[in-house]
Amino acid sequence: MKLASRVQALTPSSTLAITAKAKELKAQGHDIIGLGAGEPDFNTPKHIIDAAYNSMLEGHTKYTPSAGLPKLKEEIAAKLKRDQGINYQMSEIMVGSGAKHVLYTLFQAILDEGDEVIVPIPYWVSYPEQVKLAGGIPVYVEGKEENDFKLTREQLEESITAKTKAIVINSPSNPTGMIYSEEELRTIGEVCLENDVLIVSDEIYEKLLYGGAVHVSIASLSPELKQQTILINGVSKSHSMTGWRIGYAAGEEAIIKAMTNLASHSTSNPTTTAQYGAIAAYSGPQDEVEQMRAAFEERLNIIHQKLVEIPGITCLKPQGAFYLFPNVKKAVELTGYHSVDSFVEALLEEALVAVVPGSGFGADDYIRLSYATSLDQLKTAVERIHKFVNAKM
Ligand code: PLP
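Residue numbers 1 to 393, in UniProt numbering, belong to the letters of the sequence shown in order.
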């Protein structure tokens, strides 16, 4: 059967491709260290698991409202007030099956055929595909390494056309770990307000900050910016709940209502049990969130130092998330490979370390390493990469 053109045009996820190859080699008995993961390596805190379990025993095993349980929306509103200082009404919040699906629903709700969405490079792999699936056109703008991979006012102004509907801002960023400062966000906000561009603010890595970095939500900067922004967040990365699939959007009521209508015909509602877990995540103790963050920071400090000792590798020090995004252009040249993709393939086959090539994030000279794995494994992985480069030079 001929498949729909929309799926034929989909770019397969580079992250998944490398993970599949790493799994295959592992199954053959090779001692592979995978640094491709996009999820914390800790279990979900026990009080969250208990709350979800108990909710089922108490009979909460049925459908919920499409936008999520009122109690969960209350907890999310309280969290957004507490952490970001923003007041949201219940009608301005919708809960979905993970931030990824919430973003998918958002693009379906706001884009018409040919509408443009500004997607800064390097980008999280799903933004361009989700925009295209909604009939939109991703307009790529390269965040330069010398500007910490962030967009400038000039770049943003030049990329806006009559068809621009939205821009995606992901701070802290996957894959770079960079953070937009309040001043930078004010500049972006100003341009977006002047041109009526909706700001999609993906804040999923909000809780993972290092070196004293501070997260600011662009929606918190003024009432106008709150209205111009759809804030996206969830419990996946903050509470190590990737498998639970709970994310949310907060913003203009009309958009939230449209998204809720869409969700009512696709998922009906996010999994009830997972919603009870998310209530506990936001209403319960937050000390494990901080413990996980501190563990990531310790790893980052050790591994970043070791990584930049490798000939031909440079790497800005991330301020958030749990990825390193080194520039390996020189290392690829020094080792005689013709592309980062072939360098990455050889790293996997010969050094037994799986990393993700930057091409999947729109940045060909880079690789992405996740430090969501034990410090021992990380140290060994970086030593292997170092030896591999030395041996090939
Ligand atoms: N946004 C970014 C930047 C991410 O890296 C991810 C997950 O990798 C998501 C959103 C999706 O998170 P969720 O697990 O809530 O779907």
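Ideal Cβ positions, reconstructed from N, Cα and C, are used throughout, including at glycine.
Beta-carbon spacing of residue i, residue j below 9 Å
i	j	result
R368	Y337	no
E383	L25	no
I48	A278	yes
S126	K165	no
A295	G36	no
L300	Y180	no
E74	E253	no
K330	P318	no
T335	M393	yes
S159	D202	no
L231	A250	yes
K237	L208	yes
G284	P45	yes
E5	T267	According to the sequence shown, residue 5 is Ser rather than Glu. No.
A280	D50	yes
L307	I385	yes
I255	G234	no
Nearest to residue i (by Cα), restricted to the options the options
i	options	result
G247	K306, Q275 and S283	Q275
S264	T15, N87 and V95	V95
F325	Y210, G177, G234 and A27	G177
I118	L300, L151 and D365	L151
E224	S283, A22 and I199	I199
L69	K81, S97 and I86	S97
L111	T44, K144, V197 and E157	V197
E145	I121, P270 and A4	I121
G189	Y205, S173, V168 and K257	V168
Distance between residue j and residue i (C-alpha atoms, nearest Å)
i	j	result
L221	M259	24 Å
F361	T11	12 Å
T15	P175	11 Å
residue 395	P138	This structure cannot speak to residue 395, because the chain is shown only from 1 to 393.
M241	M292	12 Å
Y53	G59	10 Å
A104	L352	Contrary to the premise, residue 104 reads as Tyr rather than Ala in this sequence. Using only the alpha carbons, I get a separation of about 35 Å.
F42	Q377	15 Å
The ligand PLP heavy atom lying under 8 Å from the CB of residue i
i	result
K150	no
A280	no
D202	yes
L80	no
S13	no
R6	no
S126	yes
R245	yes
I232	yes
G68	no
E39	yes
S236	yes
K100	yes
L103	yes
T373	no
N170	yes
Per DSSP, the bridge partner or partners of residue i
i	result
T260	DSSP lists no partner for T260.
Y140	V119
V168	V200
S370	Y323
G211	Looking at the DSSP assignment, G211 forms no beta bridge with any residue, so it has no partner.
A250	I93 and L231
I33	V353
T314	N327
K150	K144
Cβ of residue i within 9 Å of any chain D Cβ
i	result
H386	Of the protein chains in the structure, only one exists, and it is not chain D.
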